[in-house]
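Participant: One structure, pasted below without further comment.
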Amino acid sequence: MRARTTASLMAATAMAAGTLAAAGPASGVEERNEDTAGSVSVQREIPSGTVSKAKVQSRGQKVHSANIGYYKNIYPECKPHASTMEKVIWNLGKVTRSSARVKTIKVRYYNERELHVGSAYVHDGNHRQRWLKANGWYISKGSHWRTYKINKTVKFSKNKPLDFKLMVQIAGANEPTWCHPMSELYFYLKPNR
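The opening residue of the sequence shown carries number 111 in our numbering; numbering runs sequentially from there.
This is the structure we're talking about:
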């Protein structure tokens, strides 16, 4: 059974080029069925940032984001499969109006080529770094899940959400660099006030 809360999509201006539009379902709270967005196609323009809302409560919860990433197949210079799409599942402890206990963040990578993940960050509402995984790694094409253990209480700042930022780049295929840019993907989390 799935219980959702409405979330707004916000396009971050982090992408170097491309048009932004919504992809996949709105984010929400989910109790079960973690791979619900697995059938969403990346064959469209998708945003590089999304906002999810967490319920203010003492007990734990899981909050799912919308799908974000980039799709460059629209350019004739780009070879097929120049796209990547990610989503996260926030595993949270106690959430108040001023902070959230972030236990883990589970990322679903879906890429049509090999993907290089640079660094991963968690920032508070004032955009101060609270967690970092600095070394990069490669992920083969296809759908893969990776869990990051955070175990930190991260503060919101007035009306500003905290965020999880991923640096990603798909492998080039003898094509212009705008077909496989280094992109920043932002997953924002704020309390449902």
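The beta-carbon is built from N, C-alpha and C at its ideal position, and this holds for glycine as well.
#1: Short of 8 Å in beta carbon distance, which residues of its chain neighbour Gly282, apart from the five on each side in sequence? Order them along the chain.
#2: Quick one: Cα of Asn236 to Cα of Asn269, how far?
#3: If distances are taken between C-alpha atoms only, which option among Asn201, Arg207 and Lys251 comes closest to Tyr219?
#4: Should Thr304 be labelled buried (16 or more other beta-carbon atoms within 10 Å of its own) or exposed?
#5: In whole angstroms, what is the alpha-carbon distance linking Met195 and His254?
#6: Can you tell me whether DSSP reads Ser287 as helix, strand or coil?
#7: Buried or exposed: where does Tyr296 fall if 16 or more other Cβ atoms within 10 Å of its Cβ makes it buried?
#8: Compute the Euclidean distance between the alpha carbons of Lys189 and Glu285, then round it to the nearest angstrom.
#9: Alpha carbon to alpha carbon, how far is Leu225 from Tyr181?
#10: From His174 to Glu222, what distance separates their C-alpha atoms?
Facilitator: On the basis of the supplied data:
#1: The residue given as residue 282 occupies position 172 in the sequence shown. Excluding residues within five positions, the ones whose Cβ falls inside 8 Å are Cys289 and His290.
#2: In the sequence shown, counting from the first residue as 1, residue 236 sits at position 126. In the sequence shown, counting from the first residue as 1, residue 269 sits at position 159. Between the alpha carbons of Asn236 and Asn269 lies a distance of about 10 Å.
#3: Here residue 219 corresponds to residue number 109 of the sequence shown, with the count starting at 1. Residue nearest to Tyr219 within the set Asn201, Arg207 and Lys251 is Lys251 (criterion: CA-CA distance).
#4: Nothing in the structure corresponds to residue 304, since the chain is present only between 111 and 303.
#5: Working through the sequence shown from its first residue, we reach residue 195 at position 85. Working through the sequence shown from its first residue, we reach residue 254 at position 144. Using only the alpha carbons, I get a separation of about 11 Å.
#6: As a first step, residue 287 must be located in the sequence shown, where it is residue number 177. Inspection of the sequence shows that residue 287 is occupied by Thr rather than by Ser. Three-state result, Thr287: helix.
#7: The residue given as residue 296 occupies position 186 in the sequence shown. Classification for Tyr296: buried.
#8: The residue given as residue 189 occupies position 79 in the sequence shown. The residue given as residue 285 occupies position 175 in the sequence shown. Using only the alpha carbons, I get a separation of about 7 Å.
#9: Counted from its first residue, the sequence shown places residue 225 at position 115. Counted from its first residue, the sequence shown places residue 181 at position 71. Straight-line Cα distance between these residues: approximately 13 Å.
#10: For the purposes of this step, residue 174 is taken as residue 64 along the sequence shown, with counting starting at 1. For the purposes of this step, residue 222 is taken as residue 112 along the sequence shown, with counting starting at 1. Their Cα atoms are separated by approximately 22 Å.
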